[in-house]
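Q: Before I ask anything, here is the structure I am working with.
Numbering (our numbering), first residue to last: 725 to 898.
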């Protein structure tokens, strides 16, 4: 009796799989309503995080994580860890400087540093710290992160380190 039950369960699992997405057939990964909604949300807000996606789509974190894994396997979405945060982008959003810039502009501290560098031009860390009323070590931390992302160039001039916006970085005008 248990053998028949196991085979019946297997049969229902097989039938259920016929009506779901599978990476092994030609089914459309965006045919699933929640997955399509997550894909749209990523397109509407490039650089969105997992928790922001869950809030925007009203889908649980574990479900969002599952659908993102499928979207990444299908190369419809890719993710990058930027400034300690995993950010999701549609596959057609591949400009790394643009992605890093959007992420930096979302954070008030790095946004303000970029704005001051755009307004004033190249500056020493202490000058930026005075201008922003922050500790120089905090400014150094943010400048290092921005330099790693390719948004800021830091050059030593004698004892001072001068920071400036990278030549391909343009802040959006609002």
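Glycine residues also receive a C-beta, built at the ideal position from the N, C-alpha and C atoms.
Because the structure is a prediction, the values reported are computed rather than measured.
Going by the beta-carbon positions, is the gap between residue 787 and residue 758 smaller than 8 angstroms?
A: Yes, these two residues count as a Cβ contact at 8 angstroms.
Q: Quick one: any contact between the region 800–811 and the region 769–781, if contact means 3 or more CB pairs under 8 angstroms?
A: Judged by Cβ distances under 8 angstroms, the region 800–811 makes contact with the region 769–781, as three or more pairs qualify.
Q: Name the one or two DSSP bridge partners that residue 813 has.
A: DSSP output for residue 813 lists 802 as bridge partner(s).
Q: Work out the CA separation of residue 870 and residue 815 for me, nearest whole Å.
A: Approximately 23 angstroms, taken between the alpha carbons.
Q: Please state if the CB of residue 873 and the CB of residue 824 are separated by a distance shorter than 8 angstroms.
A: Cβ atoms of residue 824 and residue 873: closer than 8 angstroms.
Q: Within the same chain, show all residues whose beta-carbon is closer than 8 angstroms to that of residue 727, passing over the 5 residues directly before and after it, in chain order.
A: Low per-residue confidence applies at residue 727: pLDDT is 48, beneath 50, and the placement is therefore not dependable enough to give any value.
Q: Return yes when the Cβ of residue 889 is within less than 8 angstroms of the Cβ of residue 876, no when it is not.
A: Contact flag set, yes.
Q: Taking the C-alpha atoms as reference points, what is the distance between residue 796 and residue 813?
A: Cα-Cα distance, rounded: 10 angstroms.
Q: For a quick check, are the C-beta atoms of residue 841 and residue 887 less than 8 angstroms apart?
A: For residue 841 and residue 887, yes; Cβs fall inside 8 angstroms.
Q: Do residue 899 and residue 791 have their C-beta atoms closer together than 8 angstroms?
A: Any property of residue 899 remains undetermined from this structure, which presents the chain solely from 725 to 898.
Q: Give me whichever residues DSSP pairs with residue 967 in a beta bridge.
A: Past the edges of the chain, shown from 725 to 898, lies residue 967, and the structure says nothing about it.
Q: Exposed or buried, what is residue 827 when buried is set at 16 or more other beta-carbons lying within 10 Å of its beta-carbon?
A: Burial call: buried.
Q: Out of 764, 794, 845, point me to the one whose CA is closest to residue 780's CA.
A: Out of 764, 794, 845, 764 has the C-alpha closest to the C-alpha of residue 780.
Q: From what residue to what residue does the beta strand (DSSP E) around residue 881 run?
A: Counting along the chain, the beta strand (DSSP E) containing residue 881 begins and ends at 876–881.
Q: How is residue 847 classed by DSSP in three states: helix, strand or coil?
A: Strand, per DSSP.
Q: List the endpoints of the continuous alpha helix (DSSP H) containing residue 785.
A: Here the alpha helix (DSSP H) through residue 785 covers 785–797.
Q: Along the chain, where does the alpha helix (DSSP H) containing residue 907 start, and where does it finish?
A: The requested residue 907 does not occur in the structure, where the chain is confined to residues 725 to 898.
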